Amino acid sequence: MTLDEDDSRIAADQLRNISSWKNQGPVAEYETQFARWSGLQFAFAFASGREALSACISALGLLPGDEVILPGYTCVVVPNAFHYAGIKTVYSDIELDTYGLDGSKIEEKITPNTRAVLLHHMYGLVSRDYEQILALAKRRHLKVIEDCAQATGSEYKGLKSGCRGDVAFYSSEQSKILNTIQGGMAGTGDANIAQRINDLRDQMSDPNPDWVKMLLQCVILNYHRFKHPQRWITGPLARFRYGRKEMVSTTPEEEKGVRPSYYGRKMASPVAVLGLNQLKKIDRYNEIRRQQAKRWDEWCESRKYKKPVVLKDSVPVYLRYPVLVEPDKKRNTAWATKELGVEVGVWFIGHIHPTDRSVTNCPNADRAVQQCINLPTLGA
Ligand SMILES: *Cc1c(COP(=O)(O)O)cnc(C)c1O
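Residues in the sequence shown are numbered from 46 upward in steps of one, following my numbering.
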């Protein structure tokens, strides 16, 4: 929903100038601007958030046999990145205020092999136990990885999310805050880790040019289908021209935990050009999201549903607006179209999205899987 006419024009220009893709200048520029905007000292662009996470894992020096503690409510590509590196994933329960890791339950999961903890800022909300988890990790000498895939731009005490852990990763997949159809960023404030991420990235390959073409066509297609003022005409026309160029974010192999053959790619230059343009608009769009969230707050109050908790001194970005509803209202969401005029999201039909896989001993995550729906904060 953040793709506008200018993004569509950029994609068309890039498709006409394939010879310019060799120019890596935009990637460096996007990294510099992203770092400045997000308060990071160092940022490195990758083809996706999960590939950025894999670079973070290597750069932290995590080794086969090490253990990491993860929220028992996450995306399958997150545990996959650890499994690809031979690291054991241990799930810990979330809280139901911000759907982040419950800081009080982590300690019992720590073993002599535990090296790291991954915390996330889910739905654009700053994790309720952010400081508690950082303090615990420091005390127990664990590395902290921040999953900012859904919370790009959120802030806590005047500093953006992603700046407090050892490393952070971000996503610009098409359902996220910044949209380049697919894309990711790794960030850190540690010069040694940055050097290692940089070295790793230098050894990686560029994405397949056909994949980049498809991504650019997808920008044009999505603009004409979802945003163009005459989309009822331009949508079908663009579909006729480009076919059904849906980009699959997570392949069936990835859902089963298999590492794709192409995995481990840099960001392509045209994607960085799109990222630079998205970055110019992100603050404006995030403000619109916060305004829409106020309307969902009112709806929650009127229906006696619990509102998501905004941590004191935090500025959320509300990628989506999560609400716990009755389980049958999550199973069948037809009511929402009638009552709210929007299509609700049911992300996390299992603990390990988008699979229906479950994890044990995470009762709050169980409840979120049964009851948490999410409402749109930009368009329907
Ligand atoms: C989207 C997402 C990712 C993965 O990002 P990609 O860019 O799709 O690889 C990781 N964690 C969370 C919480 C996400 O929402």
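By construction, the Cβ of each residue, glycine as well, lies at the ideal position given by its N, Cα and C atoms. None of these values were measured; they are calculated from a predicted model.
Exercise. Regarding Arg365 and ligand 1, is the C-beta to nearest heavy atom distance less than 6 angstroms?
Worked result: no
Exercise. From Gly131, Ala283, Pro124, Pro421, pick the residue whose C-alpha is nearest to that of Ser403; which is it?
Worked result: Pro124
Exercise. My guess is that Ser216 and Gly94 are in contact by the Cβ rule of under 8 angstroms, so how many angstroms apart are they, rounded?
Worked result: 3 angstroms
Exercise. For Ala194, is the beta carbon positioned less than 6 angstroms from some heavy atom of ligand 1?
Worked result: yes
Exercise. From Thr400, Val387, His396, Ile397, pick the residue whose C-alpha is nearest to that of Asn419; which is it?
Worked result: Val387
For this session: Look at the alpha carbon of Phe271 and the alpha carbon of Cys263, and state the distance between them as a whole number of angstroms.
Result: 12 angstroms
Exercise. Which one or two residues does DSSP pair with Ser306 in a beta bridge?
Worked result: None, per the DSSP bridge assignment.
Exercise. What are the start and end residues of the alpha helix (DSSP H) that includes Glu96?
Worked result: First-last of the alpha helix (DSSP H) with Glu96: 94-104.
Exercise. What is the rounded straight-line gap between the Cα of His269 and the Cα of Tyr287?
Worked result: Taking the straight line from one Cα to the other gives about 11 angstroms.
Exercise. Does the beta carbon of Gly229 fall short of 6 angstroms from some heavy atom of ligand 1?
Worked result: yes
For this session: Could you check which residue in Ser65, Lys221, Arg334, Tyr350 has the C-alpha nearest to that of Ser294?
Result: Lys221
Problem set entry | Boundaries (first-last residue) of the alpha helix (DSSP H) holding Ile190 | Premise fails: Ile190 lies in the beta strand (DSSP E), 188-192, not in any alpha helix (DSSP H).
Exercise. How would you call Leu453, buried or exposed, if buried means at least 16 neighbouring beta carbons within 10 angstroms?
Worked result: Residue 453 is absent from the structure shown; the chain starts at 46 and stops at 425.
Exercise. For ligand 1, is there a heavy atom less than 6 angstroms away from the beta-carbon of Arg95?
Worked result: yes
Exercise. How is the beta strand (DSSP E) around Cys417 delimited, first residue to last?
Worked result: 417-421
Exercise. Could you give the C-beta distance for Pro372 and Gln415, rounded to a whole number, given that I count them as a contact under 8 angstroms?
Worked result: 5 angstroms
Exercise. Closer than 6 angstroms: is that where the CB of Ser103 sits relative to any heavy atom of ligand 1?
Worked result: no
Exercise. Sorry if obvious, but does the Cβ on Ser216 come closer than 6 angstroms to a heavy atom of ligand 1?
Worked result: yes
Exercise. Which residues in the same chain have their Cβ closer than 8 angstroms to the Cβ of Thr47, if we skip the five residues on either side of it in sequence?
Worked result: Ile222, Leu223, Asn224, Gln323, Lys326, Ile327, Tyr330, Leu423
Problem set entry | Local conformation of Cys263 per DSSP, three classes | In this structure, Cys263 counts as helix in the three-state DSSP scheme.
Exercise. So does the stretch 355-367 actually touch the stretch 193-201, counting three or more Cβ pairs closer than 8 angstroms?
Worked result: yes
Problem set entry | Those residues which DSSP pairs with Ser217 across a bridge | Among the bridge pairs identified by DSSP, Ser217 is matched with none.
For this session: Run the proximity test for Cys407: is its beta-carbon closer than 6 angstroms to any non-hydrogen atom belonging to ligand 1?
Result: no
Problem set entry | Contact test: Ser206 Cβ vs ligand 1 heavy atom, cutoff 6 angstroms | no
Exercise. What are the partner residues of Leu369, as DSSP defines its beta bridges?
Worked result: Cys417
For this session: May I ask you to list the residues that DSSP assigns as paired with Pro116?
Result: Ser137
For this session: Could you tell me whether the Cβ atoms of Phe127 and Arg246 are closer together than 7 angstroms?
Result: no
Problem set entry | Coarse secondary structure for Phe89, derived from DSSP in three states | strand
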